[in-house]
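Chemist: So the sequence shown is numbered by the working numbering: it starts at 275 and just counts up by one. The beta-carbon is built from N, C-alpha and C at its ideal position, and this holds for glycine as well. What follows is a single structure, and I will ask about it in a moment.
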Amino acid sequence: MEQKHKILDSSSCEDEGSSLGHKEDRFSGLPDGVAYHILSFLTIKDVACFSIVSKRCRELYLSTPSLDFEFRSTRTPSGEYKSFSEVTCEVRLNLMNSLDRFLLQRGDNKIEYFRLVWKSHSVVEEDSDDLRDEEPCFCVNERFRIMTWIHNALRCNVEVLDVKSDVDYFEDEPYALFPSCVFLCATLTSLAVEMNRTMVKTPSVAFSSNLVDLKLINVDIEDEGFFKWISCSCKFIKEIYLCDISITANIIIKSSSLEKFGYVDGGRFTPSHFNISGEKLEIINITWMLNLPGDKSLNIFAPRLKDLCWRGSRVNQGNLGPLECLEKAVIYLEPKADDSDKLIKHFYSLRRVERLVLNAATFKVMRTTTLHTEYYFSVEKN
275 MEQKHKILDS SSCEDEGSSL GHKEDRFSGL PDGVAYHILS FLTIKDVACF
325 SIVSKRCREL YLSTPSLDFE FRSTRTPSGE YKSFSEVTCE VRLNLMNSLD
375 RFLLQRGDNK IEYFRLVWKS HSVVEEDSDD LRDEEPCFCV NERFRIMTWI
425 HNALRCNVEV LDVKSDVDYF EDEPYALFPS CVFLCATLTS LAVEMNRTMV
475 KTPSVAFSSN LVDLKLINVD IEDEGFFKWI SCSCKFIKEI YLCDISITAN
525 IIIKSSSLEK FGYVDGGRFT PSHFNISGEK LEIINITWML NLPGDKSLNI
575 FAPRLKDLCW RGSRVNQGNL GPLECLEKAV IYLEPKADDS DKLIKHFYSL
625 RRVERLVLNA ATFKVMRTTT LHTEYYFSVE KN
């Protein structure tokens, strides 16, 4: 069933509720755990409709531990459904007020899962399907409200926090600071943040973290101290994914618990040196585009690594370490014709791999060398 997230307004549910009110309420007899599991599959609009069926349903509505706020379309006062980014300022403001009331009414009830997808507001000309220069609207301080909802989730001992927002700010407006207290939340095990022009500052290493999964997309990292914090304080971290993060310092991560690591950089904010070390690492996926290799270096220590994917540019200094357990390696580089000797150094660590996948550019350079292989090559062209 296609899920369409509409404005959180129980008034749109009155007709449905009145017709259900005379029927048997099958939810009242269900254990809380079963009812919560069913509600976790519903949109917030559907859960709001569900809340007016009975007193018991309203109690479940205000105590459900799974909250998913993704608004793709909303209902305007005229009854028309529009894309959330195209509705009027008034509709967006009413929605934010409704969310504030909902979170206030549910109090400190436990939140296990909190997901928010908030699209920026684009102004649309009348009688036109085109966005007017795609300019954002600043009629309300949406950034402040988003941060308030994050703090609310922390107060309710959230375990999984997923926040995605592309809200733009004035060019002369400072970066938004992502709440540092998020990283100090003892109950938080999974964190995903995708928020442009948002600065993530280094948490205090004096506090340990229970994070297991960490995903950061399109955010600004204050300095390399953040990765030192991961190495020192995140003793249970198993998966890290970094995509288009802004950082000019080095990325150095050493973890005894990390099992999966992903990094994507299109070349805008390339670090100087990249070191990743983990005794339990089994999967590494790196896309690293460099305008100029310069003195860039990539060093990997992952003796239990099974799956390696390296895409992008060749680095002048690279050490993939001993890879005795490697089952598959995907190498998609863009080397120069005279890079064969440097590639040999990289490929020496891959000599025991069961399956090696190369792009045509890498294979062409390697073919000119005297390197002899005893394993299966599968060549894929871009």
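Could you give the distance in angstroms between the alpha-carbon of Lys319 and the alpha-carbon of Asp497?
Modeler: Whole-angstrom Cα-Cα distance: 41 Å.
Chemist: Cα-Cα, which of Cys459, Glu360, Arg375, Phe418 is closest to Met393?
Modeler: The amino acid occupying residue 393 in the given sequence is Lys; Met does not appear at that position. Of the listed residues, the one whose Cα sits closest to Lys393 is Glu360.
Chemist: Relative to the alpha-carbon of Glu556, which residue among Leu428, Cys455, Phe501, Ala603 has its alpha-carbon at the smallest distance?
Modeler: Considering only alpha carbons, the answer is Ala603.
Chemist: Judging by CA-CA distance, which residue of Leu304, Cys331, Glu513 is the nearest neighbour of Lys534?
Modeler: Minimum Cα distance to Lys534 is reached at Glu513.
Chemist: Over the uninterrupted alpha helix (DSSP H) stretch that includes Cys506, give me the two end residues.
Modeler: Unbroken alpha helix (DSSP H) run through Cys506: 499–507.
Chemist: Please report the Cβ distance between Asn524 and Ser546, rounded to the nearest whole angstrom; I am assuming they are in contact, meaning their Cβ atoms lie under 8 Å.
Modeler: Indeed they touch by this definition, with Cβ atoms about 6 Å apart.
Chemist: Inspect the CB distances between the region 419–431 and the region 471–486 and report whether three or more fall short of 8 Å.
Modeler: The region 419–431 vs the region 471–486: no contact.
Chemist: Do you know whose CA, among Ser529, Leu377, Ala460, lies nearest Ile420's CA?
Modeler: The residue with the shortest Cα to Cα distance from Ile420 is Leu377.
Chemist: How about Thr579 and Ile605: are their beta carbons less than 8 Å apart?
Modeler: The displayed chain sequence assigns Leu, not Thr, to residue 579. Cβ atoms of Leu579 and Ile605: not closer than 8 Å.
Chemist: Which same chain residues, not among the five before or five after Asp436, have their C-beta less than 6 Å away from its C-beta?
Modeler: Same-chain partners within the cutoff: Arg389, Ala466.
Chemist: Assess, as a yes-or-no matter, whether the region 334–341 is touched by the region 361–369 under the definition of 3 or more beta carbon pairs within less than 8 Å.
Modeler: No: fewer than three Cβ pairs fall under 8 Å.
Chemist: From the DSSP output, which residues share a beta bridge with Leu390?
Modeler: Partner(s): Phe343, Val437.
Chemist: With a cut-off of 8 Å on the beta carbons, I'd call Leu630 and Leu624 a contact; round off their distance for me.
Modeler: Their Cβ separation, rounded to whole angstroms, is 6 Å, which keeps Leu630 and Leu624 in contact under 8 Å.
Chemist: The beta strand (DSSP E) with Lys610 in it runs from where to where?
Modeler: Here Lys610 belongs to no beta strand (DSSP E), and DSSP marks it neither H nor E.
Chemist: Any idea if Arg641 is buried or exposed, counting beta-carbon neighbours within 10 angstroms, 16 or more meaning buried?
Modeler: So Arg641 counts as exposed.
Chemist: Can you name, in chain order, every residue of its own chain whose Cβ lies under 6 Å from the Cβ of Ser482, other than the five neighbours on each side?
Modeler: Counting only Cβ-Cβ distances below 6 Å, and skipping sequence neighbours, we find Ser507.
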